[in-house]
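S.K.: Take this structure, written in structure tokens, and hold onto it; I'll ask about it next.
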Ligand code: PMV
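In my numbering, the protein residues as written are 1 to 327.
Here it is in structure tokens:
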């Protein structure tokens with residue numbers, strides 16, 4: 001399958017852009033080591049508004065260019081003339097929850113600055129957004145920034161057809177392919193436990209360097225490959241079974257958390273399958289509701305202390321917003 005995703009057109013300041021969050025269905029952590037991942041863009045979004053100013057600020061903070069690593073990276077690499085800008089970011093994506101708030105901020109800001117510096121095509125937007133996120137985090141894959149730039153369902157290092165684009169980091173190349181959205185509702189729930197992606201990624205890297213690491217990575221690969229094929233043929237029962245298998249592997253590499261396990265237990269009677277999503281060690285779960293049981297699933301997760309949302313994939317990736325508001 002080939003697809004022409006629209007570029008980010010050139011414009012002048014003020015400019016505004018939006019980017020969705022993301023939900024990883026299969027393959028987090030293993031993707032950092034080159035295995036496949038399947039994820040979708042969420043219908044929760046971050047909006048970024050950029051206008052000329054007398055001093056550079058982020059949400060009113062004149063020190064953010066030094067203290068916020070995402071903002072600092074974006075300014076250093078994407079705003080070459082350094083003219084002062086006022087940036088406002090508004091988000092409905094819970095932070096540090098594994099739902100892509102940092103990728104959405106990186107991509108929306110990259111899209112806005114890319115537009116104000118002559119416009120960019122989508123593979124370039126994906127690569128630059130990844131460079132901002134990687135520069136800020138120090139570790140990780142381009143999965144999150146890919147999803148929020150591409151929209152819909154996407155596979156890294158797997159899936160059908162020819163790649164939409166590739167992203168490289170000097171050591172590894174990730175291929176990105178479109179996967180058909182089966183059209184289901186999903187439920188995500190934040191445990192309320194914030195965590196650091198970089199810390200979790202490093203811990204899993206150490207775990208996978210033990211003698212049984214290659215065998216574990218091979219099992220992650222198999223689950224993500226089978227899971228991607230099951231989503232492509234809209235086979236709910238198989239997807240649900242593989243969600244549970246993927247959670248077992250994530251537990252084995254040490255990134256589950258007692259609160260995550262509680263949410264998974266609370267979800268079980270109303271979910272066909274569920275797992276943690278994102279870096280884990282806290283963060284969020286994703287669940288595939290039993291037919292007609294979205295509301296019951298949300299109620300169960302809220303009663304167990306989670307912050308649940310019914311979500312659908314957002315077909316749109318990052319794009320400009322028109323007209324530009326909050327000023
Ligand atoms: O930062 P999170 O929670 O959205 O997780 C990112 C997914 C990882 O595979 C753990 C890291 C990565 O960069 O792919």
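Note that beta-carbon positions come from the ideal geometry of N, C-alpha and C, so glycine has one too.
Going straight from the alpha carbon of residue 186 to that of residue 8, what length do you get?
M.R.: As a position in the chain shown, residue 186 is number 186, starting the count at 1. As a position in the chain shown, residue 8 is number 8, starting the count at 1. Taking the straight line from one Cα to the other gives about 29 Å.
S.K.: Inspect the beta-carbon positions of residue 33 and residue 217 and report whether they are closer than 8 Å.
M.R.: Start at 1 with the first residue of the chain shown, and residue 33 comes out as number 33. Start at 1 with the first residue of the chain shown, and residue 217 comes out as number 217. Yes, they are a contact pair.
S.K.: By the 10 Å Cβ neighbour count, where 16 or more other Cβ atoms means buried, how is residue 317 classified, buried or exposed?
M.R.: As a first step, residue 317 must be located in the chain shown, where it is residue number 317. Result: buried.
S.K.: Can you find the residues in the same chain that come closer than 7 Å, C-beta to C-beta, to residue 1, ignoring five residues on each side of it along the sequence?
M.R.: Taking the chain shown and counting its residues from 1, the one referred to as residue 1 is at position 1. With a pLDDT of only 44 at residue 1, under 50, the local geometry of the prediction cannot be trusted, and no value is derived from it.
S.K.: Mind checking whether the beta-carbon of residue 144 lies closer than 7 Å to any heavy atom of the ligand PMV?
M.R.: Along the chain shown, read from residue 1 onward, the residue named residue 144 stands at position 144. Yes, since a heavy atom of the ligand PMV falls inside the 7 Å radius drawn around the Cβ of residue 144.
S.K.: Run through DSSP, which three-state label would residue 83 get?
M.R.: Residue 83 sits at position 83 when you count from the first residue of the chain shown. It is coil, neither helix nor strand.
S.K.: Tell me whether residue 238 sits in a helix, a strand or coil according to DSSP, three-state version.
M.R.: As a working mapping, residue 238 is identified with position 238 in the chain shown. Of the three classes helix, strand and coil, the one that applies to residue 238 here is helix, per DSSP.
S.K.: What is the DSSP secondary structure of residue 173, reduced to helix, strand or coil?
M.R.: Residue numbering aside, residue 173 sits at position 173 when the chain shown is read from its first letter. Reduced to three states, the DSSP call for residue 173 is strand.
S.K.: Heavy atom of the ligand PMV less than 7 Å from the Cβ of residue 283, yes or no?
M.R.: As a working mapping, residue 283 is identified with position 283 in the chain shown. Correct: residue 283 has its Cβ closer than 7 Å to the ligand PMV.
S.K.: Kindly provide the ranges of any beta strand (DSSP E) runs that are 3 or more residues long and lie completely inside the stretch 55–106, ordered along the chain.
M.R.: You should have 85–91.
S.K.: Could you tell me whether the stretch 107–121 touches the stretch 282–302, using the rule of 3 or more Cβ pairs below 8 Å?
M.R.: No: fewer than three Cβ pairs fall under 8 Å.
S.K.: Among 62, 60 and 136, which one has its Cα closest to the Cα of residue 77?
M.R.: As a position in the chain shown, residue 77 is number 77, starting the count at 1. It is 136 whose Cα lies nearest to the Cα of residue 77.
S.K.: To test your reading of the DSSP string, which unbroken alpha helix (DSSP H) runs of 4 or more residues are found completely within the stretch 250–313?
M.R.: Counting only runs of 4 or more, we get 258–267 and 294–303.
S.K.: Is residue 93 near the ligand PMV - that is, is its Cβ less than 7 Å away from at least one heavy atom of it?
M.R.: The residue you call residue 93 lines up with position 93 of the chain shown. Checking the Cβ of residue 93 against the ligand PMV gives no.
S.K.: For residue 68, which residues in the same chain have their Cβ closer than 7 Å to its Cβ, ignoring the five residues on either side in sequence?
M.R.: Numbered from 1 along the chain shown, position 68 holds the residue referred to as residue 68. Taken in chain order, the residues that qualify are 58.
S.K.: Quick check on this structure: which residue in 245, 98, 30 and 42 has the alpha carbon closest to the alpha carbon of residue 153?
M.R.: Here residue 153 refers to the residue found at position 153 of the chain shown. Residue 153 has its Cα closest to that of 42, out of 245, 98, 30 and 42.
S.K.: Using the C-alpha atoms, what's the distance from residue 249 back to residue 97?
M.R.: Here residue 97 is taken as the residue at index 97 of the chain shown, counted from 1. Here residue 249 is taken as the residue at index 249 of the chain shown, counted from 1. When rounded, the distance between both Cα atoms is 20 Å.
S.K.: Whose CA, out of 122, 132 and 141, lies closest to the CA of residue 149?
M.R.: Numbered from 1 along the chain shown, position 149 holds the residue referred to as residue 149. Among 122, 132 and 141, the Cα nearest to that of residue 149 belongs to 122.
S.K.: Hey, which unbroken runs of the beta strand (DSSP E) at 3 residues or more fall wholly within the stretch 130–193?
M.R.: You should have 153–156, 165–168, 173–179 and 186–190.
S.K.: Within a Cβ cutoff of 7 Å, which residues of the same chain sit near residue 145, ignoring the five residues on either side of it in sequence?
M.R.: In the chain shown, the residue the question calls residue 145 occupies position 145. Excluding residues within five positions, the ones whose Cβ falls inside 7 Å are 103, 106, 107, 126, 129, 130 and 133.
S.K.: Could you give the C-beta distance for residue 24 and residue 277, rounded to a whole number, given that I count them as a contact under 8 Å?
M.R.: By 1-based counting over the chain shown, the position of residue 24 is 24. By 1-based counting over the chain shown, the position of residue 277 is 277. Indeed they touch by this definition, with Cβ atoms about 5 Å apart.
S.K.: Can residue 22 and residue 99 be called in contact, C-beta distance under 8 Å?
M.R.: Numbered from its first residue, the chain shown carries residue 22 at position 22. Numbered from its first residue, the chain shown carries residue 99 at position 99. Result yes, Cβ atoms of residue 22 and residue 99 sit closer than 8 Å.
S.K.: To the nearest angstrom, report how far apart residue 229 and residue 151 are at their CA atoms.
M.R.: Looking up residue 229 in the chain shown gives position 229. Looking up residue 151 in the chain shown gives position 151. Distance between the alpha carbons of residue 229 and residue 151 is about 19 Å.
S.K.: For residue 324, which of helix, strand or coil comes out of DSSP?
M.R.: Residue numbering aside, residue 324 sits at position 324 when the chain shown is read from its first letter. Coil at residue 324, not helix or strand.
S.K.: Please find out if some non-hydrogen atom of the ligand PMV comes closer than 7 Å to the beta-carbon of residue 209.
M.R.: Here residue 209 refers to the residue found at position 209 when the chain shown is read from its first residue. Flag unset: Cβ of residue 209 not near the ligand PMV.
S.K.: How would you write the range of the beta strand (DSSP E) that residue 42 sits in, first residue to last?
M.R.: Counting from 1 along the chain shown, the entry for residue 42 is found at position 42. Taken as a continuous stretch (DSSP letters only), the beta strand (DSSP E) holding residue 42 covers 37–52.
S.K.: Only counting the same chain, and skipping five residues up and downstream in sequence, which positions put a Cβ closer than 8 Å to that of residue 71?
M.R.: On the chain shown, residue 71 is found 71 positions in, with the first residue counted as 1. The answer, listed in chain order, is 58, 64, 65, 87 and 109.
S.K.: Excluding the 5 residues preceding and the 5 following residue 83 in the sequence, name in chain order all residues of the same chain whose CB lies nearer than 8 Å to its CB.
M.R.: In the chain shown, the residue the question calls residue 83 occupies position 83. Excluding positions up to five away in sequence, the list reads 52.
S.K.: Under a three-way DSSP split, which group does residue 1 fall into?
M.R.: In the chain shown, counting from the first residue as 1, residue 1 sits at position 1. At residue 1, the pLDDT of 44 sits below 50, so the modelled position is not reliable and the matter cannot be decided from this model.
S.K.: Near residue 10, which residues of its chain fall below 7 Å by C-beta distance, leaving aside the five closest residues on each side in sequence?
M.R.: Locating residue 10 in the chain shown gives position 10, where the first residue counts as 1. The residues are 115, 118 and 119.
S.K.: Return yes when the Cβ of residue 239 is within less than 8 Å of the Cβ of residue 273, no when it is not.
M.R.: Indexing the chain shown from 1 puts residue 273 at position 273. Indexing the chain shown from 1 puts residue 239 at position 239. Cβ atoms of residue 273 and residue 239: closer than 8 Å.
S.K.: Can we count residue 260 as close to the ligand PMV, meaning its CB is less than 7 Å from some heavy atom?
M.R.: Position 260 of the chain shown, counted from the start, is the residue given in the question as residue 260. Answer for residue 260: no, Cβ out of range of the ligand PMV.
S.K.: Quick test of your reading: residue 173 and residue 180, contact by CB under 8 Å. State the CB separation rounded to the nearest angstrom.
M.R.: As a first step, residue 173 is located in the chain shown; it is residue number 173 there, counting from the start. As a first step, residue 180 is located in the chain shown; it is residue number 180 there, counting from the start. Not really, about 24 Å apart at Cβ, beyond 8 Å.
S.K.: When you compare the CB positions of residue 138 and residue 39, do they come within less than 8 Å of one another, or not?
M.R.: Counting from one through the chain shown, the residue named residue 138 turns up at place 138. Counting from one through the chain shown, the residue named residue 39 turns up at place 39. Not a contact, by the Cβ cut-off of 8 Å.
S.K.: Can you find at least 3 beta carbon pairs, one from the stretch 204–213 and one from the stretch 300–315, that sit closer than 8 Å?
M.R.: The stretch 204–213 vs the stretch 300–315: no contact.
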